[in-house]
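If you count the sequence shown from 1, you need to add 241 to reach my numbering. Here a beta-carbon is modelled for each residue, glycine too, at the ideal position from N, C-alpha and C. Since this is a predicted model, take the numbers as computed values, not measurements. Here the structure is laid out as structure tokens; the discussion comes afterwards.
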Amino acid sequence: MDEYVMRQELRQSQLMVHPRNVDLYIPPITWKGDCVGHIGRADTFFWLLEGECFLNINSQYFVLRPGQLAFLPKDKMRAYTHVSDNFCMYEMGFTAESDGENLMAQLGLTESNYVVDVPQKEEMSGYFEKSYHKEMFKNPVHNLGWCANLINIICLYVRERQNTDQSEERFFAPIKDYMLDNLNKTISTEELAGLVFMQPNYFIRRFKKAFGVPPMAYLARLRLYKAMELLISTEQSTEQIARQVGIEDTSYFARFFKKNSGVTPREYRKAFRK
242 MDEYVMRQEL
252 RQSQLMVHPR
262 NVDLYIPPIT
272 WKGDCVGHIG
282 RADTFFWLLE
292 GECFLNINSQ
302 YFVLRPGQLA
312 FLPKDKMRAY
322 THVSDNFCMY
332 EMGFTAESDG
342 ENLMAQLGLT
352 ESNYVVDVPQ
362 KEEMSGYFEK
372 SYHKEMFKNP
382 VHNLGWCANL
392 INIICLYVRE
402 RQNTDQSEER
412 FFAPIKDYML
422 DNLNKTISTE
432 ELAGLVFMQP
442 NYFIRRFKKA
452 FGVPPMAYLA
462 RLRLYKAMEL
472 LISTEQSTEQ
482 IARQVGIEDT
492 SYFARFFKKN
502 SGVTPREYRK
512 AFRK
């Protein structure tokens, strides 16, 4: 939907926007996330400023990077975590309805492609920052400004969502799905490049442009986050989990996990169970 047309339709409908909360996670405030997952009670935006966030929405996996905006629809299963030393993110929960129905669903935003790149990073950060400060005051005037910020965030998200649907990231979606379906196997760059009929070096450059990292680094991230999920949600041994993410050598798996998360698999499981 064109952004101008969307604004016109919003003016002609009975629009209700209700910001519920906005939180800023920045050191020393820690954000552990939820590896196991839960059903979202409200529509939510994540705006990542620094670090990296792993996001799973109804079995769709994303590695969220700075300058990316994620939309987490209500009533869908969501799981997320991070392993960044320096992690900074805004989280905003909200309700938006048009003529009594969920606005995001009406705009066709509640299925797939939940993460978008935002070129206007300063503008987007400004909307979240102003909303964060306005929530601290809790009065009608400031709440009015918060609603305006939320509407602007939704409009920017709609615009970039249209661009994402036609982007390189969309083109490489089958590659990401193939990685996820074959995490327990050995996967080579040549194999991935062959799926999209590309020469390996050219494939690496295009993939990195779309996802910010080379394909093997992205695959390693998916293996790490899948292992984290299994450590929390199952009673499987470290050896069993290592095999499920394509690593036969348990010692190497332990080194790989600690290098990328800062703790051993056992320490990670113990910390979250506690």
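Does the distance from the C-beta atom of A458 to that of E409 stay below 9 Å? Counted from its first residue, the sequence shown places residue 458 at position 217. Counted from its first residue, the sequence shown places residue 409 at position 168. No, the pair does not count as a contact, with Cβ atoms beyond the cut-off.
Pull up the DSSP beta-bridge partners for Q309, would you. If you number the sequence shown from 1, residue 309 lands on position 68. Partner(s): D358.
Return the residue from the list L256, R514, R261, Q255 that minimises the CA-CA distance to W387. Along the sequence shown, read from residue 1 onward, the residue named residue 387 stands at position 146. Checking every option, the nearest Cα to that of W387 belongs to R261.
Roughly how many angstroms separate the alpha carbons of F369 and Y321, rounded to a whole number? Residue mapping note: residue 369 aligns to position 128 of the sequence shown, counting from 1. Residue mapping note: residue 321 aligns to position 80 of the sequence shown, counting from 1. Near 20 Å, if we compare the C-alpha coordinates of Y321 and F369.
Taking all protein chains shown into account, do 16 or more other C-beta atoms lie within 10 angstroms of the C-beta of F303, making it buried, or fewer, making it exposed? As a working note, residue 303 is residue 62 in the sequence shown. With 16 or more other Cβ atoms within 10 Å, it is buried.
Whole-Å CB distance - M318 paired with N299, under 8 Å assumed: Against the sequence shown, residue 318 aligns to sequence position 77. Against the sequence shown, residue 299 aligns to sequence position 58. Indeed they touch by this definition, with Cβ atoms about 5 Å apart.
Just reading off the beta strand (DSSP E) that I197 is part of, what are its end residues? Because the chain spans 242 through 515 in this model, residue 197 falls outside it and cannot be assessed.
What do you get for G341, buried or exposed, if any count of 16 or more other CB atoms within 10 angstroms of its CB means buried? Counted from its first residue, the sequence shown places residue 341 at position 100. Label assigned to G341: exposed.
Is the distance from the Cβ of F286 to the Cβ of H323 below 9 Å? Start at 1 with the first residue of the sequence shown, and residue 286 comes out as number 45. Start at 1 with the first residue of the sequence shown, and residue 323 comes out as number 82. No, the Cβ-Cβ distance between F286 and H323 is not below 9 Å.
By a C-beta neighbour count over all protein chains shown, 10 Å radius and 16 as the cutoff for buried, is T271 buried or exposed? Residue 271 sits at position 30 when you count from the first residue of the sequence shown. Exposed is the call here.
Near A512, what residues of its chain come up, given a Cβ to Cβ distance below 8 Å and the 5 sequence neighbours on each side ignored? The residue you call residue 512 lines up with position 271 of the sequence shown. These residues qualify, in order along the chain: V504.
Is it true that the stretch 454-469 meets the stretch 485-492, where meeting means three or more beta-carbon pairs spaced less than 8 Å apart? yes
In the DSSP assignment, the alpha helix (DSSP H) including I445 goes from what residue to what residue? Counting from one through the sequence shown, the residue named residue 445 turns up at place 204. Per DSSP, I445 belongs to the alpha helix (DSSP H) from 441-452.
Own chain, CB closer than 7 Å to L463, minus 5 neighbours either side, in chain order: Translated into positions along the sequence shown, residue 463 becomes position 222. Cβ within range, chain order: Y302, M420, L421, L424.
With distance defined between alpha-carbon atoms, name the residue in I267, L265, G278 nearest to S474. By 1-based counting over the sequence shown, the position of residue 474 is 233. Taking only the C-alpha atoms, the option nearest S474 is G278.
Return the residue from the list A346, G308, P314, G281 that minimises the CA-CA distance to L289. Translated into the one-based positions of the sequence shown, residue 289 becomes position 48. Closest by alpha carbon: G308.
Please classify N236: does DSSP put it in a helix, a strand, or coil? The structure shown does not extend to residue 236, since the chain is modelled only from 242 through 515, so no value can be given for it.
I'd like the list of long-range same chain contacts for R306, defined as Cβ closer than 7 Å, with 5 residues on each side in sequence excluded. As a first step, residue 306 must be located in the sequence shown, where it is residue number 65. Excluding positions up to five away in sequence, the list reads L289, E293, G453.
Do you know offhand how far K273's Cα is from R510's? On the sequence shown, position 32 is the one that residue 273 refers to. On the sequence shown, position 269 is the one that residue 510 refers to. Their backbone Cα atoms lie some 13 Å apart in a straight line.
Output the distance between the C-alpha atoms of M330 and N384, rounded to the nearest integer angstrom. In the sequence shown, counting from the first residue as 1, residue 330 sits at position 89. In the sequence shown, counting from the first residue as 1, residue 384 sits at position 143. Distance between the alpha carbons of M330 and N384: 21 Å.
Let's test the definition: count the other Cβ atoms within 10 Å of the Cβ of Y398 and tell me whether it reaches 16, buried, or not, exposed. Translated into positions along the sequence shown, residue 398 becomes position 157. Buried is the call here.
Could you give the DSSP three-state label for S372: helix, strand or coil? Stepping through the sequence shown from its first residue, residue 372 is reached at position 131. It is helical.
Under a three-way DSSP split, which group does S339 fall into? Reading the sequence shown from its first residue, position 98 is the one you call residue 339. If DSSP states are grouped into helix, strand and coil, S339 belongs with the strands.
Simplified DSSP state of Q301, which is helix, strand or coil: Taking the first residue of the sequence shown as position 1, residue 301 is located at position 60. Reduced to three states, the DSSP call for Q301 is strand.
Determine the direct distance from the alpha carbon of D284 to that of I392, and round the result to whole angstroms. On the sequence shown, residue 392 is found 151 positions in, with the first residue counted as 1. On the sequence shown, residue 284 is found 43 positions in, with the first residue counted as 1. So the alpha carbons of these two residues sit roughly 13 Å apart.
Do Y355 and A389 have their C-beta atoms within less than 9 Å of each other? As a working note, residue 355 is residue 114 in the sequence shown. As a working note, residue 389 is residue 148 in the sequence shown. No, the pair does not count as a contact, with Cβ atoms beyond the cut-off.
Once the 5 residues before and after I267 are set aside, which same chain residues still bring their CB inside 7 Å of it? Within the sequence shown, the letter at position 26 stands for residue 267. Excluding positions up to five away in sequence, the list reads C329.
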